[in-house]
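This note's numbering applies: residue 99 is where the sequence shown begins, and numbers increase by one. Below you'll find the structure, written out as structure tokens, and then a few comments.
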Amino acid sequence: MDSSEHERMDLAALEARVGRAHLRQRLSIEAELEARVIRRRTRSFGLGNLYSLNALVRIGLLLTGMHGRGLRNVLNIQLRNNEVRLTRLPPAFEGFRLLHLSDLHIDMSEAHLEHLVETVRGVAHDICVLTGDFRFRNFGPYGPTLDALALLRPHLGESAYAVLGNHDTVRLVPGMEAMGISVLMNESVRIERDGDSLMLAGIDDAHYFRTHNFHKAAADLAPDDCAILLSHTPEPYRLAAHADFSLMLSGHTHGGQICLPGGIPIITGSQAPRATVRGAWQHRGMVGYTSVGCGSSMVDVRFNCLPEVTLHRLHRG
């Protein structure tokens, strides 16, 4: 059986799971995006071309001697600790640890992957959650992304759950799940511990593809449940709070990636309020955390916003 037949069978199985409309929307939008990118890249170099702008920024950084510093910042991945208090947390989950990685852009470079592996190696946790953007680019082959993930996977522990981001093709899902990363596509799972349980749900990308569906993701949420939502972007935070989630974990914004002194983002690539684009925040009764991400995109630099891996510890109260 050739690779195209394998992919066809994988997508058929995924369609049976998530529904024809969801899969068709995802694949169609991905095809449109790829075609648009190809058209733009074949045009002459100009300011209307996003990749030309990125190239200009990179050239400017090289000429000013700033690129090396920005690249060193990309490789300086921090391990951050975040203490989370949840009123409905079951007793058995006191001290429960979630290792949170977002915006890995893991096929960016071998050096970045090596630093990421070193950051997570040996970090004690109970489950790992990944909130999307596994690819550096948002088009093209996805094999290198899976190859890089396979090198990281042994360091993520036994239980790993993920959602897709706006850089990710749905074709990544079978390969990720084959290596033991459960991808939640508007789905939920129950995490059991010593007779107690909490719900972990994940929605598909709400930023670009907009194929998220809270009705499906929260379908099994009971009134007394402590429920955690994985969302690539913090943008649907209001819907998440009104759906009665206790905790929302996100990424996407990179915290701005290139920031003014003090970590003030110039742009966030998001319509979410500035208060929700990095670190801990709260809306109504829901606690949130937006990771600034592990990697970088478009331009391989960071300023005044170091990348991070986050270890969340859950507490009652």
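Glycine is no exception: its CB is placed at the ideal position from the N, C-alpha and C atoms.
Spatial neighbours of residue i in its chain, beta-carbon cut-off 7 Å, leaving aside the 5 residues before and after
i, result
"L131", "N236, F237"
"A209", "L173"
"L161", "none"
"A246", "I204, D205, L211"
"R124", "V268, F307, T309"
Residues of its chain near residue i, where Cβ-Cβ distance is below 6 Å and the 5 sequence neighbours each way are ignored
i, result
"T267", "E128, Y240"
"Y306", "N264"
"L270", "Y240"
"L109", "none"
"G146", "With a pLDDT of only 45 at G146, under the threshold of 50, the placement of this residue in the model should not be trusted, and no figure is reported."
"E105", "none"
"R415", "Checking the displayed sequence, the identity of residue 415 turns out to be Gly instead of Arg. Closer than 6 Å at Cβ, skipping near neighbours: R183."
Endpoints, beta strand (DSSP E) assigned at residue i
i, result
"L184", "176-184"
"E290", "285-291"
"D245", "Taken as a continuous stretch (DSSP letters only), D245 belongs to no beta strand (DSSP E), being part of the alpha helix (DSSP H) at 241-250."
"V281", "279-281"
"A260", "258-260"
Segment limits, alpha helix (DSSP H) that includes residue i
i, result
"T229", "No alpha helix (DSSP H) contains T229, which DSSP labels as neither H nor E."
"A338", "335-340"
"H381", "Here H381 belongs to no alpha helix (DSSP H); instead the beta strand (DSSP E) covers 377-381."
"G168", "165-173"
"P371", "From DSSP, P371 is part of no alpha helix (DSSP H); its letter is neither H nor E."
"V116", "101-116"
"V268", "Counting along the chain, V268 falls outside any alpha helix (DSSP H), and DSSP gives it neither H nor E."
"V218", "208-218"
"G313", "Contrary to the premise, residue 313 reads as His rather than Gly in this sequence. Its alpha helix (DSSP H) spans residues 312-315."
Own chain partners of residue i with C-beta closer than 8 Å, once the 5 adjacent residues on each side are dropped
i, result
"N311", "H120, N284, I301, D302"
Residue from the options whose Cα sits closest to the Cα of residue i
i, options, result
"R167", "P242, L404, Q380, L412", "L404"
"I204", "T229, H410, P363", "T229"
"R219", "L409, R414, H413", "L409"
"V385", "V407, L412, G367", "L412"
"Y387", "H198, V221, L337", "H198"
"G349", "V375, R106, V399", "V375"
"F194", "E103, C226, R178, E216", "C226"
"C324", "H330, L125, S295", "S295"
"R183", "E256, Q176, E192", "E192"
"A248", "G163, A222, D224, L214", "L214"
"L358", "R400, D342, H381", "R400"
"L254", "D231, Q176, V221, Q369", "V221"
"P252", "S389, M274, L262, F234", "M274"
Bridge partners - residue i, DSSP secondary structure assignment
i, result
"L187", "DSSP lists no partner for L187."
"N408", "In the sequence as presented, Asn is not what sits at residue 408; that position holds Thr. In the DSSP output, where bridge partners are listed per residue, T408 has R178, H198."
"G300", "E285, L328"
"D417", "Because the chain in this structure spans residues 99 to 415, residue 417 falls outside the shown range and cannot be described."
"C357", "P363"
"T388", "S348, G377"
"F401", "I356"
"R414", "L184"
Residue i CB to nearest heavy atom of the ligand MN below 6 Å
i, result
"A325", "The ligand MN is not part of the structure shown, which contains no ligands of any sort."
Given 8 Å as the limit, is there contact between the region 315-324 and the region 355-367, that is, 3 or more CB pairs closer than that? no
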